[in-house]
Amino acid sequence: SDHMENIYGYLMKYTNLVTGWQYRFFVLNNDAGLLEYFVNEQSRHLKPRGTLQLAGAVISPSDEDSHTFTVNAASGEQYKLRATDAKERQHWVSRLQICTQHHTEAIGKNNPPLKSRSFSLASQGSANSPGVQRRPSQNAVSFFNVGHHRLPAGKRVPIMQPDHLVDVREMMSQAEGQQRDLIRSIECLPASGHLTSLDQDLLMLKATSMATMNCLNDCFHILQLQHASQQKGSLPAGTTISWLEPKISLANHFKNGAAQNFPAEINKPASVREEQSIAEPCQLTREPEEINPDEELEDICDDKEDDLGAVEEQRSVILHLLSQLKLGMDLTRVVLPTFILEKRSLLEMYADFMSHPDLFVAITAGGSPEERMIRFMEYYLTSFHEGRKGAIAKKPYNPIIGETFHCSWRMPKSDVATDAGSNPSAHSPSEQGALPKELEGQAEPDYYTVKFVAEQVSHHPPVSGFYAECVERKMCVNAHVWTKSKFLGMSIGVTMVGEGVLHLLEHGEEYTFSLPCAYARSILTVPWVELGGKVNINCAKTGYSASINFHTKPFYGGKLHRVTGEVKQNMTNTVVCRVQGEWNSVLEFTYSNGETKYVDLTKLSVTRKRVRPLEKQGPFESRRLWQHVTESLRDGDIDKATEHKRALEERQRNEERLRAETETPWCTKYFLKDGDGWVYHKPLWKTVSAAQTQQTDSN
């Protein structure tokens with residue numbers, strides 16, 4: 002009771018994706034058990050902008066940082082708040098928890114359990130039915146069978162023993178059946194009237210009930226683990242219990258040709274299957290365009306994604322969408338609402354993964370195979386932070402088939418790390434061997450250029466090919482990625498099916514690599530991104546490999562965005578480097594000689610990409626193609642953005658329908674089918690090889 006004083010002060014409150022965090026003046030009213038907030042302290046005498054009943058609430062410090070915490074009311078409403086420092090957060094959390102406990106216990110004493118009651122949808126037509134006389138504050142769950150049962154006097158709930166898990170499983174089965182009945186009851190409601198199937202409360206109930214059952218199954222799994230450990234002894238110290246992920250073999254998904262693992266492909270129309278599996282590589286019907294890097298200008302576009310969307314205003318749209326989805330459903334053909342989109346295409350997002358080209362170019366300068374593999378792992382781990390464009394989960398535009406994106410980067414040669422005792426001039430083109438014709442006779446610039454091109458080579462499945470090269474350093478990377486999205490309840494999982502190959506032509510080395518899965522969590526509140534899964538980097542020639550684990554947040558304990566990895570020599574099984582940290586924060590590299598290096602990703606310099614002005618871009622280049630959608634999103638005109646987006650998608654469907662009717666296969670512009678993968682039509686390894694052959698013949 003000594004700590005039951007009223008407290009007040011400013012906190013930051015997360016409102017929605019449009020306005021983000023805002024300072025608000027909060028007041029904890031201990032007597033009434035209320036947390037109230039106002040626009041500022043001067044408006045404290047006015048009606049509160051918002052009020053939460055604390056009885057039955059849960060106050061939770063966040064794992065995101067040391068300043069953030071959430072207040073989850075029994076009504077389902079949530080405040081996400083941020084204090085100025087950890088000490089202030091602890092002060093608010095402790096006072097809120099004391100107040101919550103006091104008022105929760107008071108309700109328990111003053112309100113004994115109710116007798117069993119129920120409401121039925123069958124009575125909704127009556128004038129006196131709950132559906133007609135419902136108050137706005139009533140919860141939609143009260144329209145369905147809700148029971149409260151008093152235990153017999155003197156009977157205590159026994160401690161659950163392992164064999165009682167059978168009873169729990171039976172109760173969960175009954176709950177799953179009731180949840181299915183609930184969904185059917187909602188869907189059977191009329192489309193108009195006092196209580197409809199599109200009622201926002203009912204949509205919320207429908208959308209979250211499935212996720213609730215999924216969480217209960219996760220909890221049941223944890224109970225099984227705990228009971229199993231009790232039979233063998235307690236859980237070892239430091240044990241964490243992870244979220245249950247989809248039962249997908251990531252190793253198989255990351256291989257070339259993984260499309261055969263998805264039975265959904267069998268059900269696709271023959272015309273679509275033919276489009277993605279042409280027997281003979283088709284000739285390029287559209288002549289590839291050679292982009293002159295001198296025409297590209299440094300990108301001045303800086304679209305911050307922290308303020309995109311309007312979750313609160315668009316909640317009914319999200320709920321209606323989620324109510325149509327099923328766990329494990331493939332989202333490839335699901336049209337998502339426009340307001341959750343980033344202001345860039347997926348092809349440009351792949352380019353943004355190259356925002357540290359100095360680290361990329363430095364790979365080939367490593368003085369030994371071991372150092373080159375370590376440098377590649379360092380570059381790989383630094384690419385995801387900038388590529389994500391912020392912590393909040395949003396979706397880039399789905400590229401239409403034939404869409405392309407071009408850009409380049411320039412960096413001074415003095416900024417590129419080299420091997421010990423060397424300098425950039427030691428790797429001049431004249432000493433590296435023959436170069437393609439376009440560089441012969443040209444004065445050597447004082448900077449390196451990395452050129453990038455991406456193309457959407459297939460629509461179903463959605464496959465993107467991208468290629469980057471640095472001619473001066475005789476290195477290039479070729480990759481193809483199929484994004485496979487699935488609905489996981491209150492999360493969306495994206496599997497990056499495909500493979501990339503880095504070619505270091507100076508050393509005759511090829512490094513194959515895969516990509517992690519991505520998850521958009523908490524899609525009904527404040528969506529955020531995490532990466533998960535194991536990826537591998539291998540170089541067959543040198544025998545060095547790297548394995549990297551992106552750890553998803555465990556259900557109990559653990560940290561966000563954690564990553565670990567190691568580089569080893571396969572022949573001797575010797576680990577030469579280890580890494581740990583967060584892929585969007587600080588990474589710690591420990592080498593075999595005992596040295597340690599820290600890389601703060603938030604402080605790494607970002608090289609701006611160079612792109613051609615819109616007026617010089619082709620009609621199928623990403624920025625020109627999506628320019629009207631992007632402009633509408635910048636202006637906050639969601640309806641107009643949706644209209645432009647729908648027009649693009651409709652045009653793509655019409656063209657696809659026409660190709661199917663005329664049995665005309667789609668032919669790509671820059672990438673050609675090569676077995677199960679896609680390869681750039683003019684890769685550096687071919688042009689350099691041809692130049693070397695020509696030089697040998699002339700000698």
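Residue numbering for the sequence shown follows our numbering, beginning at 2 and increasing consecutively.
No residue lacks a Cβ here, since even glycine has one placed at the ideal position from N, Cα and C.
(request) With DSSP as the reference, label residue 623 as helix, strand or coil. (result) Looking at residue 623 - three-state DSSP - the assignment turns out to be helix.
(message) Quick check: the region 603-614 against the region 294-303, are at least 3 beta-carbon pairs closer than 8 angstroms?
(response) The count of Cβ pairs closer than 8 angstroms, one atom from the region 294-303 and one from the region 603-614, reaches three, so the stretches are in contact.
(request) Give the straight-line distance between the Cα atoms of residue 624 and residue 579, rounded to the nearest whole angstrom. (result) Approximately 40 angstroms between the Cα atoms of the pair.
(request) Specify, as a first and last residue, the run of the beta strand (DSSP E) that residue 396 falls within. (result) Per DSSP, residue 396 belongs to the beta strand (DSSP E) from 396-398.
(message) If I measure Cβ to Cβ from residue 385 and keep anything under 6 angstroms in the same chain, skipping five residues before and after, which residues do I get?
(response) Taken in chain order, the residues that qualify are 584.
(message) In the DSSP assignment, the beta strand (DSSP E) including residue 493 goes from what residue to what residue?
(response) Its beta strand (DSSP E) spans residues 493-505.
(message) Which of the three DSSP states is assigned to residue 15 in this structure?
(response) It is a strand residue.
(request) Count the other CB atoms, across all protein chains shown, that sit within 10 Å of the CB of residue 574; report buried if there are 16 or more and exposed otherwise. (result) It counts as exposed.
(request) Could you check how far apart the C-beta atoms of residue 28 and residue 7 are, in whole angstroms? I think they sit under 8 angstroms. (result) Sure, about 7 angstroms apart at Cβ, within 8 angstroms.
(request) Would you grab the beta carbon distance between residue 409 and residue 555 for me? Rounded to a whole angstrom, and I think it's under 8 angstroms. (result) The pair is not a contact, with the Cβ atoms about 41 angstroms apart (cut-off 8 angstroms).
(message) In whole angstroms, give me the CA-to-CA distance for residue 195 and residue 489.
(response) Just so you know, the alpha carbons of residue 195 and residue 489 end up roughly 32 angstroms apart.
(request) Assign residue 446 to one of two classes, buried (16 or more other C-beta atoms within 10 Å of its C-beta) or exposed (fewer than that). (result) It is exposed - the Cβ of residue 446 has fewer than 16 other Cβ atoms within 10 Å.
(message) Here's a check: name, in chain order, each residue in its chain whose Cβ is nearer than 6 angstroms to the Cβ of residue 577, leaving out the five neighbours to either side.
(response) 371, 568 and 593.
(message) Within the continuous beta strand (DSSP E) that includes residue 76, where are the two ends?
(response) Counting along the chain, residue 76 falls outside any beta strand (DSSP E), and DSSP gives it neither H nor E.
(message) With H, G and I counted as helix, E and B as strand and the rest as coil, what does DSSP make of residue 671?
(response) Coil at residue 671, not helix or strand.
(message) By the three-class DSSP mapping on this structure, what secondary structure does residue 256 have?
(response) Caution applies to residue 256, whose pLDDT of 34 falls short of 50 and renders its modelled position unreliable; the value that the coordinates give is listed next. In this structure, DSSP gives residue 256 a state outside helix and strand, which the three-state scheme calls coil.
(message) Tell me the rounded alpha-carbon separation between residue 55 and residue 207.
(response) For the pair residue 55 and residue 207, the Cα-to-Cα distance works out to about 25 angstroms.
(request) Find out if the Cβ-Cβ distance for the pair residue 586, residue 597 is shorter than 9 angstroms. (result) Annotated as distal: residue 586 and residue 597, with beta-carbon spacing of 9 angstroms or more.
(request) Could you name the residues of the same chain whose beta carbon sits closer than 6 angstroms to that of residue 704, not counting the 5 residues immediately before and after it, in chain order? (result) The question about residue 704 has no answer here: the residues shown for the chain are numbered 2 through 700.
(request) Can you give me the start and stop residues for the alpha helix (DSSP H) that residue 645 sits inside? (result) It spans 639-663 - the alpha helix (DSSP H) in which residue 645 sits, taken as one unbroken run.
(request) Taking only the alpha-carbon atoms, compute the straight-line gap between residue 486 and residue 492 and give it to the nearest angstrom. (result) Spanning the two alpha carbons is a distance of roughly 11 angstroms.
(request) Taking 8 angstroms as the threshold, find out whether the region 494-513 comes into contact with the region 397-413 through three or more Cβ pairs. (result) With a cut-off of 8 angstroms, the region 397-413 and the region 494-513 do not count as touching, because too few Cβ pairs lie within range.
(message) Closest to residue 482 by C-alpha separation, out of 469, 464 and 471, would be which residue?
(response) Nearest of 469, 464 and 471 to residue 482, Cα basis: 464.
(request) Following the continuous beta strand (DSSP E) through residue 552, name the residue where it begins and the one where it ends. (result) Segment 545-552, the beta strand (DSSP E) holding residue 552.
(request) Take the Cβ of residue 344 as the centre, count every other Cβ of all protein chains shown within 10 Å, and call the residue buried at 16 or more, exposed below. (result) Burial of residue 344 is indicated by the presence of at least 16 other C-beta atoms within 10 angstroms of its C-beta.
(message) Please identify the residue among 375, 353 and 454 whose C-alpha is closest to the C-alpha of residue 363.
(response) Measuring from the Cα of residue 363, the nearest candidate turns out to be 375.
(message) What residue range does the beta strand (DSSP E) around residue 476 cover?
(response) For residue 476, the enclosing beta strand (DSSP E) stretches over residues 476-488.
(request) Evaluate the contact criterion for the region 376-383 versus the region 661-678: three or more CB pairs, one atom per stretch, below 8 angstroms. (result) Output reads no: the region 661-678 does not touch the region 376-383.
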